[in-house]
Amino acid sequence: MFAQELVLRQRAEILHALCSSGSAEGLERVLDMLLAQEVLVWEDYQNIQVAGRALCTNARRLLDLVYTKGVDACGLLLAALNQVLPEAQRAGLSFGGCCSNLEETEELHGTATQTLLTERPGLVGKLRDCIDGALEALVESGSFTSTECDEVQLPVYTLSQQARHLLDHVRSKGESAAKVLLQYIQQKEEGGSPLNQEKWTPPQECLKYQKKLSSSVSAQCCFLSTYGGTGNMSLDDIYTEGQLELAHDCADVHGPLGLEDIVGTVGTLNEEADTVLVSGEAGCGKSTLLQRLHLLWARGAALHDFLLLFPFSCRRLNSEHRELSVQELLFQHCCWPDREQDQLFQFILDHPHLILFTFDGLDELKQSFSDEHRHCCPTQRAPVPILLFNLLQGSLMKGVRKVVTSRPEAVGPALKKHLRKEVLLKGFSPGGIDCFVRKHHSDPTVATRVLESLQTNTALLGLCHTPVLCWIVSQCHKELLGCGEGSPQTITDVYLMILQHFFQHQNPQKNTLGIGWMQGHLNTALHLGQLAFEGIGTSCYIFSGKDLQACGVTEEDICMGFLIQSKDISSTSCKRYEFLHVTMQCFFAALYIVLTNDMERSTIPKLFQLQDMRQTGLRSTCFSLCLPSTVLQGVSEGEAMAAETPNLQITATFVSGLLSQRHQSLLLQCCSSPTLNSKARQVGRCLSKGMQRHFKSIPKPVEGEKKSMHAMPGFVWLIKCIYEMQESRIAKDAMTKLEVEHLKLTYCNIGPVECTTLAYVLQHLKSPIGLQLDYNSVGDVGVEQLLPCMHICNSLYLRNNNISDEGIRKLIAKGIQCESFQKIALFNNKLTDACTQHFSHLLKTKQNFLALRLGNNNITSEGAKQLAEGLKSNQSLKYLGLWGNKIGDAGAEALAGALEGSKTLVWLSLVDNGVGSAGACALANIIKNNTTLTELWLTKNCITRTGVECLIEALEHNTDVKSVWLRSNELSVEEEEEMTQRESRLIF
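Quick note: the sequence shown, position 961, residue 999 per the numbering used here, numbers continuous.
If you want it as structure tokens, here you go:
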């Protein structure tokens, strides 16, 4: 196909690839290459790159112009795109063979200004890291003024953009300036970096400040700060690594990420961006992870590339109502320099690559992220949220690396387009739970008993994958080990256990472990509950003495341990307090809603209407209507309306749990039965209505396809609430109204806790469904939690879920007993040959099993032989997928022998398995003897002409096979063309 036609037909795709990231870097690199190849002249470039015009408009101008220049120009454009675009964006484009390396151009012996154009792509790369030195050389030669240097180094420009602006300025100056720049670059290449970084040392004042800053950071981080720093635990003694993963697929990543990978190059999507997002659910350990990073930097044990690290808490930045400059923000909120503040800040501006900012808890900031208010001057004052947003998007302090933590719900597209990469923190692995519990208890006997107790209660074990819940369980080991049959099952159970533990801990002489323990501390619960409730309603997480007084909080209430003194640097004159964890504040807010007699009847319905907020993109206004007017006095309208959806959802979940029949005997000591029953009925109605809204949104199925529902996060939250309430009637009622054949929950942060709740509700479905849980964090514990609903799953999709052979053992043992269970997909898990004996048993036992997909695991020829034993006895399997394993010829031969006589097999994939010609010849026998097979996939193997000849011969005896895929095997282009002519069903 002509290059011109390719550009025209793929116009929309090319525009999306160049513009979807929001960064202009891709387009600018393409322009550099086209200038160098003389496809564009300088006037063309200026007409395309108009300052202030939308990126997509510039990209359209480029495509229009290149198309008019003919076939050769379009071919060079496609070649440039092939070099510039990331692999994921190239995947959907065709380049028609236009893949030459444009940057390998011969040196032209023209003028210096011509060289700036013909060598432009390489010069941009060379100048990125030495712009200061290049400008210095130009100023010394008289070619540049200081004003022109400032124009090149505007803070809003990326380093690559600064390099391009420098080249443009130099070219406009003429031949002499161009020669100076080229001579500087040549000297730099011949004599090494003029910066002499290996010998360079920072100024003495900067080193003194670094020592003071690291001492301050170390003092703040040496003890565990989350969960109130209970018991003054040393962070070294208690820190346990969570599971870190990239939010996107990356071919270069093998195995789990380490702490330093967060700021490292691995997984980078946008090299021009500075901000790394660490996202995770409430209580998954984000703050503790940052604290660990800070401590390692302060000790010089990690992050050696960063001379200065400035840590910020978004929760505490909420308390800063003054307008500040960046300099004031750094020095007043982190560490004040003893002297030379201006010189020190200038050093930071001059060396951004040596600086790291961290922002903990973006989701707790009262204002949502916005890129509407641009602020580019680091010395000019602005409201703190505007400073923060411009820091994160790169308008301020470009080049400084920023790490920000947040719950996923708080991060929308406006921020995501400015991210360098996103890292997911997924809580503890099973080994992490074991490690944390053993670190928490100095007595190994106690630790062993706690872990044994967890193994007998898989619902509680699933909860412990969340670090904050694992901490509560460890903290309450006496209550846990003494509860017998009443072992905690829900998140509400766990928080009631910590509540009881703290009350008993403060009054050990009182017998508060009986049924009336809540009644004995009702005033404390109401005082703290009112404080928590009013704080949640206005996104307030730090409280003054006046706030406490207004809610009746006494010194005795504070001593219970649920409130801790806040480390609020900006307010040293008076004490300020916060709950020991945000989830604890949500729990007390829920307690207040349930126990108080002063609550508006509309509070609970309004609380449960929030599942629609994410869809509208608006923050809650209804919750603030439940607050007394006295609370809202003195609070700005923006703050009053800023109740955070995630925290309100957690509060609603606790309300559901507290109103469970299981806890009624406890709460009846504090509240009348009619009141509790009325509130419980309200919650039941809200949950039923919420589920009905989701079911009504299910689109009608396309003709010939199954009716399916792609669940939204609000659906998962409602199911959690139903589970917390432990009300099977609501679950049954909801599921009788769900009429779908396929339920899709991909990328929904489904972990073991969510699996427990899903199984509790889905087991009441009337008819079997396909359950799709791809790309979550189910793991072995989650698989075990799903077993109660296996009987209603006709197909189960668990791709990319960190499941091992042990999880499969339990899954198959249950699946064999379920008549409806017919399909399973387990692509990209942690399966080995050990799991194949279980699948072999499944194939022998279930003669209605239809599809088995085990792609991209670690199955070898031995595993394939095990599967073959099961396949010999199976008379039902239609689809078998083993893509991306290591079965080799021996495995292919074993499978071929087992499937040769199959009367049901339709589709077989052995892509990328190290299969050679011997394996291909064996598989040819399936084609010869099978009358049902339509597709055979053998792409990315080691098959030579000999193997393909066997396949061609077999195809002569079979007209039912539609295609045999053989791309990327060991055949020449000529052999592929010849064999395609002989047999059109071979796809190369």
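Each residue gets a CB set at the ideal place from its N, CA and C atoms; glycine is no exception.
A residue is called buried once 16 or more other Cβ atoms fall within 10 Å of its Cβ, and A311 is buried on that count. In the DSSP secondary-structure assignment, H748 is bridged to K782. Separation of the CB atoms of L345 and L392 is rounded to 4 Å, and the pair is thereby assigned contact status at 8 Å.
Restricting attention to beta strand (DSSP E) runs no shorter than 3 residues, the segment 810-888 encloses them at 831-835, 861-863, ordered along the chain.
Taken atom to atom, the span from the alpha-carbon of Q801 to that of K910 is near 33 Å.
According to DSSP, residue pairing for D398 in a beta bridge involves S351. The residues M747, I807, L809, in chain order, have a CB closer than 6 Å to that of L781 in the same chain once the five nearest residues on each side in sequence are set aside. With respect to R847, F865 sits apart: the two C-beta atoms are not nearer than 8 Å. It is roughly 29 Å from the alpha-carbon of L783 to the alpha-carbon of E973.
A distance below 7 Å between beta-carbons, with the five flanking residues on each side excluded, links L219 to the following residues of its chain, in chain order: A172, L176, V208. Here the alpha carbon of A201 sits roughly 49 Å from the alpha carbon of T982. Between the beta-carbon of Q568 and that of I536 there is about 20 Å, and that puts the pair past the 8 Å contact cut. The C-beta distance from V45 to L131 rounds to 10 Å, too long to fall under 8 Å, and the pair is not in contact.
Membership of E63 in the alpha helix (DSSP H) is indicated by the continuous run 63-74. Leaving aside the five residues that flank H701 on each side, the residues in its chain whose CB is nearer than 8 Å to its CB run, in chain order, T530, L534, G695.
Inside the segment 698-784, DSSP marks whole alpha helix (DSSP H) runs of 4 or more residues at positions 702-705, 711-734, 751-763, 766-774, from first to last along the chain. For K436 and L347, the gap between their C-alpha atoms comes out near 16 Å. An exposed status is given to E43, since fewer than 16 other beta-carbon atoms sit within 10 Å of its beta-carbon.
At the C-beta level, S325 and T504 stay beyond 8 Å of one another.
A direct Cα-to-Cα measurement between L197 and G318 gives close to 31 Å. At the C-beta level, F571 and Y630 come within 8 Å of one another. Take the alpha-carbon of T576 and the one of E792: they are about 28 Å apart. A Cβ-Cβ distance of about 18 Å is found for the pair K916 and V949, leaving them out of contact under the 8 Å criterion.
Closest option to V122, judged by alpha-carbon separation, among E938, C57, Q418: C57. Residues F395, M435, K440 of the same chain have their beta carbon placed closer than 7 Å to that of L429, with the five preceding and five following residues left out of the count. The DSSP-derived three-state label of I807 is strand. When rounded, the separation of the alpha-carbon atoms in A55 and R67 is 13 Å. Three or more beta-carbon pairs separated by less than 8 Å are not found between the segment 739-756 and the segment 711-722, which leaves the two stretches without contact. Positions of the alpha helix (DSSP H) runs, each at least 4 residues long and wholly inside the segment 573-597, are given as 583-588, 593-597 in order along the chain. Beta-carbon to beta-carbon, L905 and T874 are separated by about 5 Å, close enough to satisfy the 8 Å threshold.
No residue range can be given for E309, since it is assigned to no beta strand (DSSP E) and is classified by DSSP as neither H nor E. For the segment 888-968, the full-length beta strand (DSSP E) segments reaching 3 residues or more read 889-891, 917-919, 945-947 along the chain. Pairing L888 with I788, the inter-Cα distance amounts to about 26 Å. Counting the other Cβ atoms within 10 Å of the Cβ of K884 gives 16 or more, which makes it buried.
DSSP places P294 in the coil class of the three-state scheme, outside both helix and strand. Taking 8 Å as the cut-off, the beta carbon of I223 is found no closer than this to the beta carbon of L154.
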